[in-house]
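Participant: What follows is a single structure, and I will ask about it in a moment.
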Amino acid sequence: MGVDSKLLRGPSMSSGDASSKASAAGPVISAKEMKELKRVYQKMCYYAEKVHKIERLRSVTDRLAKLRRPERPRHRGGGGGRGNRGAGAGMAYQFRHSDGAVVVGGAGGDSGDDDSLLEPAVRREVASLYTERKELESSLKEIRSRPEQHIRPQDTATALRELGRRVTKREVNDMMWEVDEKLDGVVDWEEFLLMFERNIRDTSGLEPASFYHMVQFMIYDRDDNGMVSIDETMNMLYARLGREKMETTITKLFGGDDGAPIKEVGQQGGEINFVRYWDVVEKEQTKMFSESELGRNLAEKKRKKKADFVKNK
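Residue numbers (the numbering used here): 2 to 314.
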């Protein structure tokens, strides 16, 4: 826009000041949205350290589930007749508890945790995977329990990369600077919350919003699959915007660039990725600024300056 919006908005406020102003203007963040905001913040803290551990933990868990998958019932006896004393008689079976433990049952009705039915090589792999899973969980617990929880530049860069947006180091630093009120190189919870409150109240298009756009997408993406659906977006927007404004926003995000109706795809309706989302919200913010009083005044000055230049040429 050619305007340093962080300087134009004036001196920074503490989170207490922001909260009091927000209260005076009425609630701006619903309880559901606050819960999701905290989830995203906790996810982003030390994200560069956590992401590979989380991905590996998911792979280990999936592999364990595959190795210890419930087997089809196997008859232990020989056929029918009087030897079959009911639908479940003479059968060995396996099933898995919610905590991942495998239960083996036999014809006598006994059950218990047992790996004896697994091949020796499989048992060794299962034991190794359980050890690795325990180590990964312990490492993640240590990171999440650190007294100082904050978001660093590398965490922001990693989050953007995971969303499919490649950015330069300078772009990441600019995004951090938008939010880093304390100028200590990181974003803490107070700064994170203040950034979000300022952006959802902004009507001028001047509020620095690159960091906000990333966070808002992650809030919508509740199942963490890198896409946001109509259902996910509606659940978050309705409480804040009301039905009419929510429907307008949904149409802008999920409709065609030419204003075409929303195209329903997937199980949850229309879905968009972060690149599409970013393009739409950036255009909307530019439009918001151009329609604001300051935007109109700057446009008028630019028009007069151009007219004077042509006149005196």
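Idealized CB from N, CA, C, for every residue including glycine.
Do three or more CB pairs link the segment 185-194 to the segment 161-170 at distances below 8 Å?
Facilitator: Not touching, per the Cβ criterion.
Participant: Per the contact definition of three or more C-beta pairs closer than 8 Å, is the segment 214-232 in contact with the segment 270-283?
Facilitator: With a cut-off of 8 Å, the segment 214-232 and the segment 270-283 count as touching, because enough Cβ pairs lie within range.
Participant: My understanding is that asparagine 298 touches glycine 165, with C-beta atoms under 8 Å, so please give their C-beta distance in whole angstroms.
Facilitator: About 37 Å; that fails the 8 Å criterion.
Participant: Could you give the residue range of the alpha helix (DSSP H) that holds serine 129?
Facilitator: Counting along the chain, the alpha helix (DSSP H) containing serine 129 begins and ends at 121-145.
Participant: Taking the continuous alpha helix (DSSP H) assigned at isoleucine 152, which residues delimit it?
Facilitator: Taken as a continuous stretch (DSSP letters only), isoleucine 152 belongs to no alpha helix (DSSP H), as it is neither H nor E.
Participant: For glutamate 208, which three-state DSSP category applies?
Facilitator: The answer is coil: DSSP assigns glutamate 208 none of H, G, I, E or B.
Participant: Can you give the Cα-Cα distance for histidine 151 and glutamate 136, rounded to whole angstroms?
Facilitator: Using only the alpha carbons, I get a separation of about 23 Å.
Participant: According to the neighbour-count rule (16 or more other Cβ atoms, all chains shown, within 10 Å of its Cβ), is arginine 153 buried or exposed?
Facilitator: Buried is the call here.
Participant: Quick check on tyrosine 131: buried or exposed, where buried means 16 or more other Cβ atoms within 10 Å of its Cβ?
Facilitator: Tyrosine 131 is exposed by the Cβ-count criterion.
Participant: Just checking my contact of glutamate 138 with leucine 58 at CB under 8 Å: how many whole Å lie between their CB atoms?
Facilitator: Indeed they touch by this definition, with Cβ atoms about 7 Å apart.
Participant: Is DSSP giving glutamate 272 helix, strand or coil here?
Facilitator: Here glutamate 272 sits in strand by DSSP.
Participant: Beta-carbon within less than 7 Å of methionine 45's beta-carbon, same chain only, minus the 5 sequence neighbours each way: which residues are those?
Facilitator: These residues qualify, in order along the chain: Ile152, Asp156 and Ala160.
Participant: Would you report the Cα separation of serine 31 and arginine 244, rounded to the nearest angstrom?
Facilitator: The alpha-carbon atoms of serine 31 and arginine 244 are separated by roughly 15 Å.
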